[in-house]
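Student: Residue numbers (this note's numbering): 3 to 204.
Following this message is one structure expressed as structure tokens.
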């Protein structure tokens, strides 16, 4: 993605945070020479390998989704969109043009098909736990093996990370504060989330 240096986010803790809070992402690769995207929940792991820390990304699609048949060995990108908000030029002290403040993470790497029932079971349990654990009545995974036959998983060995926090860093401190205040007063929870990110990123 287009990544001016003043918007670059290289803090891996912030990268992890965006993915954990916005784990329903977009996996993009090619199918028969054409771009193809699947909207799916994904999990990020850090794995120690011969003294180095590797990032691994996991997810799955329905077996009926033709996407998985083209995964093996293919370099792909997983896209995670964090909070995002419209920014009005009326918020600037001296005017300007409309724009958008947002956070996004792109992970690149080669895909491997994961079709082993035991590995798929572990993946489904982990994904379920991530979204069920804070519920008052969490669902406990209990499914017959046949259900796992209906999905195909993947692992991605991440070799490139692009993080972008476009939060008015290219504006004056006055304009940045005015944008943050306007978003913070908005009734939208997403706008308020962007305002918090602006405050935390100072």
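Where a beta carbon is used, it is the ideal one built from N, C-alpha and C, also for glycine.
Grab me the residues of residue 119's own chain with a C-beta within less than 7 Å of its C-beta, minus the 5 sequence neighbours each way, in chain order.
Tutor: Here the set comprises 147, 150.
Student: So residue 44 and residue 27 are in contact, right, with Cβ under 8 Å, and what is the actual spacing, rounded?
Tutor: Yes, they are in contact, since the Cβ atoms of residue 44 and residue 27 sit about 5 Å apart, within 8 Å.
Student: Are the Cβ atoms of residue 109 and residue 58 separated by less than 8 Å?
Tutor: Taking 8 Å as the Cβ cut-off, residue 109 and residue 58 do not qualify as a contacting pair.
Student: Quick check on DSSP: helix, strand or coil for residue 129?
Tutor: Correct three-state label for residue 129: helix.
Student: Under 6 Å Cβ to Cβ from residue 89, same chain only, skipping five residues before and after it: list those, please.
Tutor: Hits under 6 Å: 101, 103, 181.
Student: Pick helix, strand or coil for residue 14, following the three-state DSSP scheme.
Tutor: Three-state result, residue 14: helix.
Student: Kindly indicate which residue of 163, 37, 68, 177 has the alpha-carbon position closest to the one of residue 96.
Tutor: The candidate whose alpha carbon is nearest that of residue 96 is 177.
Student: Are the beta-carbon atoms belonging to residue 85 and residue 196 less than 8 Å from one another?
Tutor: Yes, Cβ-Cβ distance for residue 85 and residue 196 is below 8 Å.
Student: Assuming residue 171 contacts residue 9 under a Cβ cut-off of 8 Å, what Cβ separation, rounded to an integer in Å, is found between them?
Tutor: Rounded, the Cβ-Cβ distance is 6 Å, consistent with contact.
Student: At a cut of 8 Å, does the region 69–88 reach the region 6–24 through at least three beta carbon pairs?
Tutor: Verdict: yes, contact present.
Student: Please name the residue or residues paired with residue 64 in a DSSP beta bridge.
Tutor: Per DSSP, 153.
Student: Using alpha carbons as the reference points, say which of 143, 136, 74 lies closest to residue 124.
Tutor: Ranking 143, 136, 74 by Cα distance to residue 124 puts 143 first.
Student: Applying the criterion that 16 or more other CB atoms from any shown protein chain within 10 Å of the CB defines a buried residue, is residue 193 buried or exposed?
Tutor: With 16 or more other Cβ atoms within 10 Å, it is buried.
Student: In three-state terms, what does DSSP make of residue 19?
Tutor: Correct three-state label for residue 19: helix.
Student: Give a yes or no on whether the C-beta atoms belonging to residue 126 and residue 65 are separated by under 8 Å.
Tutor: No, Cβ-Cβ distance for residue 126 and residue 65 is not below 8 Å.
Student: For residue 107, count neighbouring C-beta atoms within 10 Å of its own C-beta (all shown protein chains included) and say buried if the count is 16 or more, exposed if not.
Tutor: The residue is buried, with at least 16 neighbouring Cβ atoms inside 10 Å.
Student: To the nearest angstrom, report how far apart residue 78 and residue 132 are at their CA atoms.
Tutor: Their Cα atoms are separated by approximately 24 Å.
Student: Would the beta-carbon of residue 156 fall within 8 Å of that of residue 62?
Tutor: Result yes, Cβ atoms of residue 156 and residue 62 sit closer than 8 Å.
Student: If you run the structure through DSSP and keep just helix, strand and coil, what is residue 198?
Tutor: Three-state result, residue 198: helix.
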